[in-house]
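Residue 37 is where the sequence shown starts when you use my numbering, and the numbers rise one by one after that.
Built from N, CA and C at the ideal position, the CB exists for glycine as well.
All of these numbers come straight from a predicted model, not from anything done at the bench.
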Amino acid sequence: MVKSNYVKVGRLIRVLRGPRENKVGVIVDIVDANRVIVENPEDKKMWRHVQNLRNVETLKMSCAINRNAGTKAVKDALAKSNALTKYSKTSTCKKIVAADALANASDFERYQLMVAKRQRAHWARKAFDEINQKSGASWNLKLAARLEKGHKKFA
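Right, here's the structure in full:
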């Protein structure tokens, strides 16, 4: 399905590529059909600048501001609409935060993650084996039972 979050003044956007990748900003003004002026007073790297529309993804959230509004007005509108907190609760934002945390993790933190995954897999496998022995739900036990039944015909 095509995203229908139209480009308008006050719409939140996420930058897709470049030095501001995955940063969120607000459309302050529309320059032409391909470019918009974006700003986020909360983020020091998202000062007011021109961004190409091919390089941004429009989000569902928006705030009520006028064209070419000042930084203070944008900051007040963002605080009033809670758009940034709504965005931080989305699954896309959570994936980005998790990827950044993994990219910035130390060797020991990556080791701890590996051990935790291994331990989780061990206990999941143990629980499945216990259930599988009672009910015979897995394909390999069903196949073994079928083969055994076939062998009994010839024996």
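Thinking C-beta only, is residue j closer than 8 Å to residue i?
i	j	result
D65	N104	yes
I49	V92	yes
L89	V72	yes
K44	I63	yes
E78	L120	yes
K178	G186	no
Buried or exposed: residue i, going by 16 or more other Cβ atoms within 10 Å of its Cβ?
i	result
N76	buried
A100	exposed
Q169	exposed
Q155	exposed
Q87	buried
A157	exposed
If I measure Cβ to Cβ from residue i and keep anything under 7 Å in the same chain, skipping five residues before and after, which residues do I get?
i	result
N140	none
V110	V62, V64, E75, P77 and I101
Q148	none
Residues in the same chain with beta-carbon distance under 6 Å from residue i, minus the five sequence neighbours each way, listed in chain order, please.
i	result
R47	I63, T94 and S98
C129	Y123
What residues in its chain sit with their C-beta under 8 Å from that of residue i, if we drop five residues either side in the sequence?
i	result
K59	R50, V51, N76, D79, K81 and M82
Query - Every unbroken beta strand (DSSP E) inside the stretch 73 to 150 [3 residues or more] - result: 85 to 88 and 92 to 98
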